[in-house]
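What the sequence shown shows, in mature numbering (1 follows the signal peptide of the UniProt record, and there is no 0), is residues -20 to -1, 1 to 102, in sequence order.
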Amino acid sequence: MMRIVLLSGILCFCANGVVAPGKMQTTTNSLLRAGMPNVCPYRDVQMTLVNIPCVQAFTRLVKVWKPNCGGKKGNWCLGHERRTQYYRTYKQQYRPQYMTNYKCCHGWNQLPGQSGCLYSKY
(Lines of atoms letter the chains of each structure in order from A and count residues from 1; the text may use other names and numbers.)
(Lines give C-alpha, C1' and ligand atoms only; values in the text may rest on other atoms or scores of the structure.)
Protein backbone atom coordinates (compact mmCIF):
# COMPACT_ATOMS: atom_id res chain seq x y z
CA MET A 1 0.00 0.00 0.00
CA MET A 2 1.41 3.40 -1.03
CA ARG A 3 0.87 6.41 1.25
CA ILE A 4 1.56 10.04 0.53
CA VAL A 5 2.70 11.98 3.59
CA LEU A 6 3.38 15.71 3.87
CA LEU A 7 6.19 16.46 6.36
CA SER A 8 7.00 20.11 6.97
CA GLY A 9 6.51 21.07 3.34
CA ILE A 10 8.24 17.98 1.90
CA LEU A 11 6.18 15.47 -0.02
CA CYS A 12 7.27 11.89 0.83
CA PHE A 13 6.13 8.66 -0.81
CA CYS A 14 6.36 5.76 1.62
CA ALA A 15 5.62 2.09 1.03
CA ASN A 16 5.69 1.08 4.71
CA GLY A 17 3.84 3.89 6.40
CA VAL A 18 4.76 7.30 7.78
CA VAL A 19 8.38 8.43 7.98
CA ALA A 20 9.02 11.01 10.65
CA PRO A 21 11.65 13.70 9.95
CA GLY A 22 13.83 12.48 12.83
CA LYS A 23 13.78 8.92 11.51
CA MET A 24 15.35 9.62 8.12
CA GLN A 25 18.63 7.80 7.69
CA THR A 26 21.81 8.82 5.97
CA THR A 27 22.81 5.78 3.99
CA THR A 28 25.87 4.93 2.00
CA ASN A 29 24.14 3.53 -1.03
CA SER A 30 25.80 1.82 -3.96
CA LEU A 31 23.10 3.35 -6.18
CA LEU A 32 24.42 6.86 -5.56
CA ARG A 33 26.50 8.25 -8.42
CA ALA A 34 28.26 11.44 -9.38
CA GLY A 35 25.90 14.04 -10.77
CA MET A 36 22.94 13.14 -8.56
CA PRO A 37 21.60 15.97 -6.40
CA ASN A 38 23.45 16.49 -3.09
CA VAL A 39 25.72 13.47 -3.61
CA CYS A 40 29.38 13.93 -2.66
CA PRO A 41 32.35 11.73 -3.50
CA TYR A 42 34.66 10.46 -0.81
CA ARG A 43 37.83 8.48 -1.08
CA ASP A 44 38.01 5.12 0.64
CA VAL A 45 41.34 3.40 1.28
CA GLN A 46 41.73 -0.34 1.59
CA MET A 47 45.06 -2.03 2.26
CA THR A 48 45.56 -5.03 -0.03
CA LEU A 49 48.26 -7.67 -0.03
CA VAL A 50 50.25 -7.59 -3.28
CA ASN A 51 52.84 -10.08 -4.56
CA ILE A 52 55.91 -8.25 -5.89
CA PRO A 53 58.22 -10.31 -8.12
CA CYS A 54 61.92 -10.27 -7.30
CA VAL A 55 65.01 -12.30 -8.22
CA GLN A 56 67.02 -14.15 -5.58
CA ALA A 57 70.51 -15.59 -5.97
CA PHE A 58 71.55 -18.90 -4.46
CA THR A 59 75.26 -19.77 -4.40
CA ARG A 60 76.53 -23.24 -3.56
CA LEU A 61 79.73 -25.27 -3.84
CA VAL A 62 79.69 -28.04 -6.41
CA LYS A 63 82.18 -30.91 -6.68
CA VAL A 64 83.89 -31.01 -10.07
CA TRP A 65 86.63 -33.17 -11.59
CA LYS A 66 89.59 -31.09 -12.77
CA PRO A 67 92.03 -32.35 -15.39
CA ASN A 68 95.82 -32.11 -15.19
CA CYS A 69 96.06 -31.79 -11.40
CA GLY A 70 99.42 -31.60 -9.74
CA GLY A 71 101.14 -30.63 -12.99
CA LYS A 72 100.80 -34.11 -14.45
CA LYS A 73 99.05 -34.57 -17.76
CA GLY A 74 96.12 -36.97 -17.62
CA ASN A 75 95.85 -36.73 -13.84
CA TRP A 76 92.34 -35.92 -12.55
CA CYS A 77 91.45 -34.61 -9.10
CA LEU A 78 88.33 -33.56 -7.28
CA GLY A 79 87.83 -29.83 -6.71
CA HIS A 80 85.08 -27.39 -5.76
CA GLU A 81 83.59 -24.48 -7.68
CA ARG A 82 80.98 -21.91 -6.79
CA ARG A 83 77.81 -22.01 -8.85
CA THR A 84 75.20 -19.29 -8.63
CA GLN A 85 71.61 -19.98 -9.56
CA TYR A 86 68.95 -17.31 -9.91
CA TYR A 87 65.29 -17.92 -9.27
CA ARG A 88 62.16 -15.85 -9.17
CA THR A 89 60.35 -15.39 -5.91
CA TYR A 90 57.62 -13.11 -4.64
CA LYS A 91 57.65 -10.67 -1.77
CA GLN A 92 54.33 -9.85 -0.15
CA GLN A 93 53.67 -6.24 0.69
CA TYR A 94 50.63 -4.23 1.75
CA ARG A 95 49.75 -1.37 -0.59
CA PRO A 96 46.87 1.10 -0.42
CA GLN A 97 44.08 0.73 -2.95
CA TYR A 98 41.99 3.87 -3.38
CA MET A 99 38.31 3.75 -4.34
CA THR A 100 35.88 6.59 -4.92
CA ASN A 101 32.51 6.01 -3.31
CA TYR A 102 29.52 8.30 -3.02
CA LYS A 103 27.29 9.26 -0.12
CA CYS A 104 24.90 12.03 0.77
CA CYS A 105 26.54 15.40 1.34
CA HIS A 106 26.55 16.78 4.88
CA GLY A 107 23.06 17.83 5.90
CA TRP A 108 21.22 15.70 3.34
CA ASN A 109 19.42 12.34 3.56
CA GLN A 110 18.32 9.71 1.13
CA LEU A 111 15.11 7.77 1.47
CA PRO A 112 15.15 4.15 0.31
CA GLY A 113 14.38 3.84 -3.38
CA GLN A 114 15.14 7.49 -4.17
CA SER A 115 17.87 8.55 -6.58
CA GLY A 116 20.01 11.21 -5.01
CA CYS A 117 19.78 12.86 -1.60
CA LEU A 118 16.72 15.06 -1.77
CA TYR A 119 15.76 15.55 1.88
CA SER A 120 17.41 18.15 4.09
CA LYS A 121 18.19 17.23 7.69
CA TYR A 122 17.55 20.78 8.85
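By construction, the Cβ of each residue, glycine as well, lies at the ideal position given by its N, Cα and C atoms.
Taking 8 Å as the cut-off, decide whether the C-beta atoms of residue i and residue j are in contact.
i: residue 96; j: residue 16; result: yes
i: residue 35; j: residue 66; result: yes
i: residue 31; j: residue 84; result: no
i: residue 26; j: residue 77; result: yes
i: residue 40; j: residue 63; result: yes
To the nearest angstrom, how far is the alpha carbon of residue i from that of residue j?
i: residue 81; j: residue 70; result: 32 Å
i: residue 100; j: residue 88; result: 5 Å
i: residue 53; j: residue 46; result: 11 Å
i: residue 11; j: residue 98; result: 14 Å
i: residue 22; j: residue 86; result: 12 Å
i: residue 55; j: residue 44; result: 14 Å
Using the DSSP secondary-structure output, state which residues sit across from residue i in a beta bridge.
i: residue 100; result: 88
i: residue 83; result: 20
i: residue 34; result: 69
i: residue 46; result: 57
i: residue 41; result: 62
i: residue 29; result: 74
Kindly indicate which three-state DSSP category residue i falls into: helix, strand or coil?
i: residue 59; result: strand
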